[in-house]
Amino acid sequence: MTRSTQAIGIFGGTFDPVHYGHLRAALEAMERLQLQDFRLLPAGTPPHRAGTFASADHRLAMLKLALSRYPELQVDDREVRREGSSYMVDTLGEIRREEGEAPILMMIGQDAANVLDQWYDWHKLFDLAHLVIMRRPESKHIYSGALFEQVQPRLVNDPDQLRKTPAGLILPLEVTQLAISSTEIRRQIHAGLSPRFLLPDSVIEYILEHRFY
Ligand code: ATP
Numbered sequence: 007m008t009r010s011t012q013a014i015g016i017f018g019g020t021f022d023p024v025h026y027g028h029l030r031a032a033l034e035a036m037e038r039l040q041l042q043d044f045r046l047l048p049a050g051t052p053p054h055r056a057g058t059f060a061s062a063d064h065r066l067a068m069l070k071l072a073l074s075r076y077p078e079l080q081v082d083d084r085e086v087r088r089e090g091s092s093y094m095v096d097t098l099g100e101i102r103r104e105e106g107e108a109p110i111l112m113m114i115g116q117d118a119a120n121v122l123d124q125w126y127d128w129h130k131l132f133d134l135a136h137l138v139i140m141r142r143p144e145s146k147h148i149y150s151g152a153l154f155e156q157v158q159p160r161l162v163n164d165p166d167q168l169r170k171t172p173a174g175l176i177l178p179l180e181v182t183q184l185a186i187s188s189t190e191i192r193r194q195i196h197a198g199l200s201p202r203f204l205l206p207d208s209v210i211e212y213i214l215e216h217r218f219y
């Protein structure tokens with residue numbers, strides 16, 4: 007088992023497909039939090055969605071293409087390799103077992119944070135990782151009762167605090183959120199429009215070659 011105390015950033019998503027909105031937010035979070043180990047982690051079989059459009063293998067391949075020239079952003083393919091539903095709590099548990107007491111920082115968007123109490127075993131997430139809520143200055147947080155009770159006492163403003171403990175704190179972080187979504191990219195491709203400049207050319211070429219949208 008590897009043991010380290012170097013903080014680890016985890017940016018999960020379906021990445022169906024990955025686009026510059028994800029990549030820009032990931033880069034800014036990595037730099038602002040001074041993380042040497044930052045991983046984009048594609049969901050294998052997302053439990054909370056009807057299904058993905060591209061298979062897990064294709065989504066992983068697109069992510070690798072997008073990051074091929076940026077080794078500071080890594081890809082963690084464990085959910086794609088694992089059979090069955092992918093629950094974040096299981097994924098973080100696995101990373102925790104590998105990394106010992108290292109701080110684990112899980113990035114999520116404000117929209118996802120607002121409905122965190124719909125995630126499987128969501129209470130346990132705070133035992134396993136810190137949460138970094140990537141938000142726009144104007145984005146709203148609307149936490150339901152039980153979620154509010156969990157979130158409020160855990161909130162911190164200083165990223166350095168996340169380095170001092172392995173898990174359990176919540177840091178709101180303002181990052182650029184480009185108005186790009188995977189849904190809109192799929193819609194444009196489906197309509198025969200060009201998605202150029204919304205995502206890397208290498209990913210566009212892969213999509214056109216395999217034609218899964
Ligand atoms: P879809 O349109 O299919 O819902 P998406 O573009 O929202 O997809 P996901 O893979 O679901 O992409 O998102 C993964 C993570 O990236 C989430 O935490 C989400 O909040 C964040 N994210 C998505 N789009 C952007 C964006 N444009 N800027 C910053 N973060 C984003």
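Numbering follows our numbering, with no gaps: position 57 of the sequence shown is 63. In this text, a Cβ means the ideal position worked out from N, Cα and C, and glycines have one as well.
Collapsed DSSP secondary structure at residue i in the structure displayed
i    : result
G50  : coil
G151 : helix
E180 : strand
L39  : coil
I186 : coil
Cα-Cα separation, residue i to residue j
i    : j    : result
K146 : F59  : 29 Å
L161 : L73  : 31 Å
Q167 : A135 : 13 Å
R202 : P159 : 43 Å
I16  : S200 : 30 Å
G198 : F132 : 43 Å
K130 : L122 : 11 Å
Residue i - containing alpha helix (DSSP H), residue span
i    : result
H25  : No alpha helix (DSSP H) contains H25, which DSSP labels as neither H nor E.
I139 : Premise fails: I139 lies in the beta strand (DSSP E), 136 to 141, not in any alpha helix (DSSP H).
V81  : Segment 79 to 81 is the beta strand (DSSP E) holding V81; no alpha helix (DSSP H) there.
G99  : 94 to 105
Own chain residues within Cβ distance below 7 Å of residue i, not counting five before or after
i    : result
V181 : A31, E34, A35, M140
L69  : F21, V24, L46, P48, V81
G99  : L134
Continuous beta strand (DSSP E) stretch holding residue i: start and end
i    : result
G198 : No beta strand (DSSP E) holds G198; DSSP gives it neither H nor E.
Under 8 Å between C-beta atoms of residue i and residue j
i    : j    : result
S188 : H64  : no
I110 : A173 : yes
Same chain, Cβ closer than 6 Å to residue i, five either side skipped, listed in chain order
i   : result
L66 : P48, D83, V86
A62 : G50, V86
Residues of its chain near residue i, where Cβ-Cβ distance is below 8 Å and the 5 sequence neighbours each way are ignored
i   : result
Y93 : P53, W125, Y126, D127
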